[in-house]
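Structure first, then comments.
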Amino acid sequence: MNAELAPGFADPVRAAQSCFRAVLDAMSHPGRVAHVAGVAAQSPLCVASAAVLLTLVDHETPLWLDPDAEPARRWIEFHCGAPIVARPEAGVFAFALSLPDLSQLSAGSHESPETSATLICQIGALDTGRHFRLTGPGLRSATTIAIEGLPPGFVTIWRRNHAMFPRGIDLILCAGDQLTALPRTVSIEEV
Amino acid sequence: MNDTVSSPDPHAARRHWMSVLARAPADAIEAGLARDGGLPSWTVIRGPEIGLAMVRGRAGGSGSPFNLGEMTVTRCTVRLESGIAGHAYIAGRDERRAELAAVADALLQDPALAGSLHESLIQPLADAQREQRLSRAEKAAATRVEFFAMRTMRS
Numbered sequence: 009m010n011a012e013l014a015p016g017f018a019d020p021v022r023a024a025q026s027c028f029r030a031v032l033d034a035m036s037h038p039g040r041v042a043h044v045a046g047v048a049a050q051s052p053l054c055v056a057s058a059a060v061l062l063t064l065v066d067h068e069t070p071l072w073l074d075p076d077a078e079p080a081r082r083w084i085e086f087h088c089g090a091p092i093v094a095r096p097e098a099g100v101f102a103f104a105l106s107l108p109d110l111s112q113l114s115a116g117s118h119e120s121p122e123t124s125a126t127l128i129c130q131i132g133a134l135d136t137g138r139h140f141r142l143t144g145p146g147l148r149s150a151t152t153i154a155i156e157g158l159p160p161g162f163v164t165i166w167r168r169n170h171a172m173f174p175r176g177i178d179l180i181l182c183a184g185d186q187l188t189a190l191p192r193t194v195s196i197e198e199v
Numbered sequence: 299m300n301d302t303v304s305s306p307d308p309h310a311a312r313r314h315w316m317s318v319l320a321r322a323p324a325d326a327i328e329a330g331l332a333r334d335g336g337l338p339s340w341t342v343i344r345g346p347e348i349g350l351a352m353v354r355g356r357a358g359g360s361g362s363p364f365n366l367g368e369m370t371v372t373r374c375t376v377r378l379e380s381g382i383a384g385h386a387y388i389a390g391r392d393e394r395r396a397e398l399a400a401v402a403d404a405l406l407q408d409p410a411l412a413g414s415l416h417e418s419l420i421q422p423l424a425d426a427q428r429e430q431r432l433s434r435a436e437k438a439a440a441t442r443v444e445f446f447a448m449r450t451m452r453s
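As given, the protein sequences belong to chains A and B, one line each in that order.
FYI, the numbering for the first sequence is 9 to 199, going by this note's numbering.
FYI, the numbering for the second sequence is 299 to 453, going by this note's numbering.
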């Protein structure tokens, strides 16, 4: 039963700090693609997903796991020590291998919108696929990003999330060793 | 971490060897493991990492719990080539000791090795630790002050 247990960050302090910086940069410049390293891909997790989970999730942050990500559960529990919750709305973080129903996740309240969930979503690729145009805080001018693996109705789903501001879900997209972030403040159009 | 939840019996055995290993010096563990045909190879899964654990106490053993203070703890998890994972939590900051204790914990979970390792490693360490405890208790008992005597003297 222990056979699948694999190591986490080889150098936990440095790797977690540089990954945190990558997530911070990505969040403050929506659509900017950052690279992370320091941990081996942990099927079904890619390098970026594994690194972001190790960096952000710990015993104080309940995590909701998409049922498809179940094989990674033991690794996440061991290395992050996070309580895994069964109800999506109970998670401070959510991890999924395909975009889940965003309305199920906690969007925070008007009094404390910071309590909303951050969704870490593993997708196909961040350099091919459909192109999206992003505008909003952190972007001097509109930027374009290619994302492979989001559902067809993503722009509509996102518009609903964006309209809830200051409530709403923040999204971190991971593919391979790359990540990018779509905070709730960003407006997305398909081009 | 959760892999210790099964029937109560293997539980108790593992608790015993883990507590013996947690108190044993690194050299003694290494010597005990090496006797079994050299040290096996292992992969470090986590650590060894140093942290703090809050020690809680109860006044008189039955009062309400209070935080006594923090102690330094080093923990380590390793995996052997056979896939068995071993854990160790030791007091202090000796990383090598934590790593070796984790390796020993993993080896002791292997039914093929458990018997001989118990003989060569755990039993001698447990005996040495018990002897040390007894000799310290003896020394302490020799200097014991009977508060009962003082009380009778005062009255």
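Backbone N, C-alpha and C define an ideal beta-carbon position, used for all residues, glycine too.
Contact between the segment 111-126 of chain A and the segment 169-177 of chain A is established, with three or more Cβ pairs separated by less than 8 Å. The segment 14-32 of chain A makes contact with the segment 52-72 of chain A; the number of CB pairs closer than 8 Å reaches 3 or more.
For B:H385, there is no enclosing alpha helix (DSSP H); the enclosing beta strand (DSSP E) covers residues A383 to A389.
Taking all protein chains shown into account, B:D403 has 16 or more neighbouring C-beta atoms within 10 Å of its C-beta and is therefore buried.
Taking the Cβ atoms as the reference, A:S106 lies roughly 7 Å from A:D76, within the contact range of under 8 Å. In this structure, the beta-carbon distance from A:A90 to A:L187 does not fall below 9 Å. Taking each of A:L71, A:G157, A:P121 and A:C88 in turn and checking the Cα distance to A:P20, the smallest one comes out for A:C88. Three or more beta-carbon pairs separated by less than 8 Å link the segment 316-329 of chain B to the segment 382-390 of chain B, which places the two stretches in contact. Of A:L13, A:M35 and A:G16, the smallest CA-CA separation from A:R192 is found for A:M35.
Here B:V401 is buried: its Cβ has 16 or more other Cβ atoms, across all protein chains shown, within 10 Å. Secondary structure note for B:T341: its beta strand (DSSP E) is the uninterrupted segment W340 to R356. Judged by their CB atoms, A:L13 and B:T375 are nearer to each other than the 9 Å cut-off. Spatial neighbours of A:V163 in its own chain (CB-CB distance under 8 Å, excluding positions within 5 residues in sequence) are listed in chain order as F140, I196, E197 and E198. Only T341, V342, I343, R344 and E347 from the segment 341-356 of chain B bring a Cβ to less than 8 Å from some Cβ of chain A.
Judged by DSSP in its simplified three-state form, A:F101 adopts strand. For A:F140, there is no enclosing alpha helix (DSSP H); the residue is found in the beta strand (DSSP E) stretching over A133 to T143. Following the DSSP letters along the chain, one finds B:D403 inside the alpha helix (DSSP H) bounded by residues E393 to L406.
Taking 9 Å as the Cβ-Cβ cut-off, the segment 140-154 of chain A has no residue approaching chain B. Annotation: A:C54 is outside any alpha helix (DSSP H) and is labelled neither H nor E by DSSP. Among the residues facing chain A, B:A386 is not included, as its CB has no counterpart in that chain under 9 Å away.
The C-beta of B:T375 comes closer than 9 Å to at least one C-beta of chain A. Around the beta carbon of B:M369, fewer than 16 other beta carbons sit within 10 angstroms, so the residue counts as exposed. For the C-beta of A:H87, the chain B residues within less than 9 Å are, from N- to C-terminus, I343 and R344. Around the beta carbon of B:G367, fewer than 16 other beta carbons lie within 10 angstroms, which makes this residue exposed. For A:P70, there is no enclosing beta strand (DSSP E), as DSSP gives it neither H nor E. For the options A:A98, A:H67 and A:P52, the alpha carbon positioned closest to that of A:R81 is the one of A:P52. In this structure, the straight-line span from the alpha carbon of A:V100 to that of A:T123 is close to 7 Å. Contact with chain B is found for A:P20, since one of that chain's Cβ atoms lies less than 9 Å from the residue's Cβ. When Cβ-Cβ separations below 9 Å define contact, A:G16 makes contact with chain B. In the three-state DSSP reduction, A:D185 falls in the coil class, being neither helix nor strand. Around the Cβ of B:T341, a 10 Å sphere holds fewer than 16 other Cβ atoms; the residue is exposed.
Beta-carbon to beta-carbon, B:E444 and B:L398 are separated by about 44 Å, too far to satisfy the 8 Å threshold.
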